[in-house]
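Undergrad:
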Amino acid sequence: MSRPLLIDTDPGCDDALALLLALERDELDVVGLSTVHGNASLADTTRNARSLLECFDRTDIPLSEGAKLPLTAELETAEHIHGPGGIRGELPEPTSATEPLEQHAAQFIVEKAREYEGELTLAAIGPLTNVALALAIEPDLPDLLDELIVMGGAAFAPGNVTPLAEANFRSDPEAAARVVRDAEPTIVGLDVTNGANVPGEWIDALPEETALGRSIVEWFTYYSGAQLEQYEYETTAIHDALAIAGIVDEDVLETETYHMQVGTDSDLDRGALVCDATDVTDGKPNGSVALEADFERYRELLTGSVERTLDTLADRRA
Ligand code: BDR
Ligand code: CA
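Just so you know, our numbering puts the end of the sequence shown at 1059, numbered straight through with nothing missing.
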């Protein structure tokens, strides 16, 4: 039986590949998408999410638009990383088939959690504003979900936007603090996602005759040379896809349980994920963090899904 999954997302090149993976695998049944500000403005991330549903031929999946702004922080977007409009590639214009629902994403998340009581997995791969709002509407959200997987944070690795903070957590530190405090998340952060790349030779061999083929190559290579050098990556890390791979196959990630908090005070600590690794506080464990990953299995899942998606969509459009 496939696992019902709702993805809260801010596409985003790595979000696009995470979505491709989730849609291709039979283990998962994507029952909805919700969008949030993040890699670009909400208008752009919503348009990108709609275009992705169109280009994967999955206009049957309901989509709900969420928060335009962080809870209290200023909006900061990442077009310098993902490209103008927050994504690269040649995406189709959205049609009326992917018109967002009337319902706000926070309400949509709560309703889907109630509909699939105890069985829904929520994967949050953007800033946590919608999830924090959903928790404010329904404090029992964690009990209604099977699992909340969050791509975000850097527990023991350095941050990617400040020395301590990862981009999704830094974009809305108050929301991240709320979710980490109250929602028992499984956190898939930079500790593991920094290694979530695929071999350059495999990317180079992808067929580029179709718009989708060319787009996929751009999603896999969205970092500039400067970023690759800065983080000493061989190819771009596809952060969000590792979180989805961990849902497809539970052996992909190894997690540890900690008492955790997210900093919200000073410029230095805003968005920092702090794990009490030595039990020096009397805080109870409130979530888990992925510290090891089976990257071979992850690569197999992602590259296999890309190859099959390209074949299937090429056949369908031939
Ligand atoms: C996270 O930030 C975004 O830019 C990516 O889509 C990913 O969700 C990585 O820090
Ligand atoms: Ca993302």
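Glycine is no exception: its CB is placed at the ideal position from the N, C-alpha and C atoms.
1) Which stretch, first to last residue, makes up the beta strand (DSSP E) that contains glycine 773?
2) Taking the alpha carbon of leucine 804 as the point to measure from, which residue in His823, Asn789 and Leu842 has its own alpha carbon closest?
3) Between the alpha carbons of glutamate 907 and leucine 746, how many angstroms are there, rounded?
4) Give a yes or no on contact between the stretch 931–943 and the stretch 1039–1051, applying the rule of three or more CB pairs nearer than 8 angstroms.
5) Residues in the same chain with beta-carbon distance under 7 angstroms from arginine 919, minus the five sequence neighbours each way, listed in chain order, please.
6) Taking its Cβ as the centre, do 16 or more other Cβ atoms sit within 10 Å of glycine 1024, making it buried, or is it exposed?
7) Pull up the distance between the alpha-carbon of leucine 1043 and that of glutamate 915, whole angstroms please.
8) Kindly examine ligand 1 and report whether one of its heavy atoms sits closer than 7 angstroms to the Cβ of aspartate 932.
9) What did DSSP end up calling leucine 882 once you bin it into helix, strand or coil?
10) With a threshold of 7 angstroms on Cβ separation, who are the neighbours of serine 782 within its own chain once the five nearest residues in sequence on each side are excluded?
11) Taking the alpha-carbon positions, what's the methionine 742 to glycine 753 distance?
12) Give a yes or no on whether the C-beta atoms belonging to leucine 882 and alanine 865 are separated by under 8 angstroms.
13) I'd like to know if the stretch 1009–1027 and the stretch 895–904 are in contact, where contact means that at least 3 CB-CB pairs between them fall below 8 angstroms.
14) Suppose contacts are defined by Cβ-Cβ distances below 8 angstroms. Is glutamate 831 in contact with valine 989 by that definition?
15) I'd like to check one pair, alanine 895 with glycine 867: are the Cβ atoms closer than 8 angstroms?
16) Jot down the residue ranges of each uninterrupted alpha helix (DSSP H) in the stretch 879–956, minimum 4 residues, whole runs only, in chain order.
17) Would you call proline 811 buried or exposed, if buried means 16 or more other Cβ atoms sit within 10 Å of its Cβ?
18) Classify glycine 941: buried if its beta carbon has 16 or more other beta carbons within 10 angstroms, exposed otherwise.
19) Once you ignore the five residues that flank valine 958 on each side, which residues in its own chain have a CB closer than 8 angstroms to its CB?
20) Look at the alpha carbon of glutamine 971 and the alpha carbon of histidine 1000, and state the distance between them as a whole number of angstroms.
21) Got a sec? Which residues, its chain only, sit under 7 angstroms from threonine 998 by beta carbon, not counting five neighbours each side?
22) Look at the alpha carbon of arginine 788 and the alpha carbon of leucine 983, and state the distance between them as a whole number of angstroms.
23) DSSP three-state call for valine 1021: helix, strand or coil?
24) Do aspartate 923 and threonine 870 count as a contact pair if the criterion is CB distance below 8 angstroms?
25) On the CB-based measure, 16 or more other CB atoms within 10 Å of its CB, does threonine 839 come out buried or exposed?
26) Buried or exposed, going by whether 16 or more other CB atoms sit within 10 Å of the CB of proline 825?
TA: Taking the geometry as given:
1) Position 32 of the sequence shown, counted from the first residue, corresponds to residue 773. Its beta strand (DSSP E) spans residues 769–776.
2) For this step, residue 804 is matched to residue 63 along the sequence shown. Cα-wise, what sits closest to leucine 804 is Leu842.
3) As a first step, residue 907 must be located in the sequence shown, where it is residue number 166. As a first step, residue 746 must be located in the sequence shown, where it is residue number 5. For glutamate 907 and leucine 746, the distance between alpha carbons rounds to 24 angstroms.
4) yes
5) Here the question's residue 919 lines up with position 178 in the sequence shown. Excluding positions up to five away in sequence, the list reads Ala873 and Leu876.
6) Looking up residue 1024 in the sequence shown gives position 283. Per the 10 Å Cβ criterion, exposed.
7) Counting from 1 along the sequence shown, the entry for residue 1043 is found at position 302. Counting from 1 along the sequence shown, the entry for residue 915 is found at position 174. Each residue's Cα considered, the two are about 32 angstroms apart.
8) Residue mapping note: residue 932 aligns to position 191 of the sequence shown, counting from 1. It does not: the Cβ of aspartate 932 is nowhere closer than 7 angstroms to a heavy atom of ligand 1.
9) Stepping through the sequence shown from its first residue, residue 882 is reached at position 141. In the structure shown, leucine 882 sits in a helix (DSSP, three-state: H, G or I).
10) Taking the sequence shown and counting its residues from 1, the one referred to as residue 782 is at position 41. Sequence-distant partners of serine 782 (beyond 5 residues in either direction) whose C-beta falls short of 7 angstroms from its own C-beta, in its chain, are Thr818.
11) Position 1 of the sequence shown, counting from 1, holds the residue named residue 742. Position 12 of the sequence shown, counting from 1, holds the residue named residue 753. Cα-Cα distance, rounded: 29 angstroms.
12) Along the sequence shown, read from residue 1 onward, the residue named residue 882 stands at position 141. Along the sequence shown, read from residue 1 onward, the residue named residue 865 stands at position 124. No; because the gap between Cβ atoms is not below 8 angstroms, this pair is not in contact.
13) Short answer: they touch.
14) Along the sequence shown, one-based indexing puts residue 831 at 90. Along the sequence shown, one-based indexing puts residue 989 at 248. For glutamate 831 and valine 989, no; Cβs fall outside 8 angstroms.
15) By 1-based counting over the sequence shown, the position of residue 867 is 126. By 1-based counting over the sequence shown, the position of residue 895 is 154. Not a contact, by the Cβ cut-off of 8 angstroms.
16) As for any alpha helix (DSSP H) of minimum length 4 sitting wholly inside the stretch 879–956, the runs are 882–885, 908–912, 914–923, 931–934 and 941–945, ordered along the chain.
17) The sequence position of residue 811 within the sequence shown is 70, counting from 1. Proline 811 is buried by the Cβ-count criterion.
18) The residue labelled residue 941 in the question sits at position 200 within the sequence shown. Exposed is the call here.
19) For the purposes of this step, residue 958 is taken as the residue at position 217 of the sequence shown. Excluding residues within five positions, the ones whose Cβ falls inside 8 angstroms are Ile944, Leu947 and Glu949.
20) Residue numbering aside, residue 971 sits at position 230 when the sequence shown is read from its first letter. Residue numbering aside, residue 1000 sits at position 259 when the sequence shown is read from its first letter. In this structure, the straight-line span from the alpha carbon of glutamine 971 to that of histidine 1000 is close to 31 angstroms.
21) As a working mapping, residue 998 is identified with position 257 in the sequence shown. Here the set comprises Pro1026 and Ser1029.
22) To locate residue 788, count along the sequence shown from 1; it is residue 47. To locate residue 983, count along the sequence shown from 1; it is residue 242. In a straight line, the C-alpha of arginine 788 is about 24 angstroms away from that of leucine 983.
23) Along the sequence shown, one-based indexing puts residue 1021 at 280. In this structure, valine 1021 counts as coil in the three-state DSSP scheme.
24) To locate residue 870, count along the sequence shown from 1; it is residue 129. To locate residue 923, count along the sequence shown from 1; it is residue 182. Cβ distance not < 8 angstroms, so threonine 870 and aspartate 923 don't count as in contact.
25) Residue numbering aside, residue 839 sits at position 98 when the sequence shown is read from its first letter. Buried, since its Cβ has 16 or more Cβ neighbours within 10 Å.
26) Against the sequence shown, residue 825 aligns to sequence position 84. So proline 825 counts as exposed.
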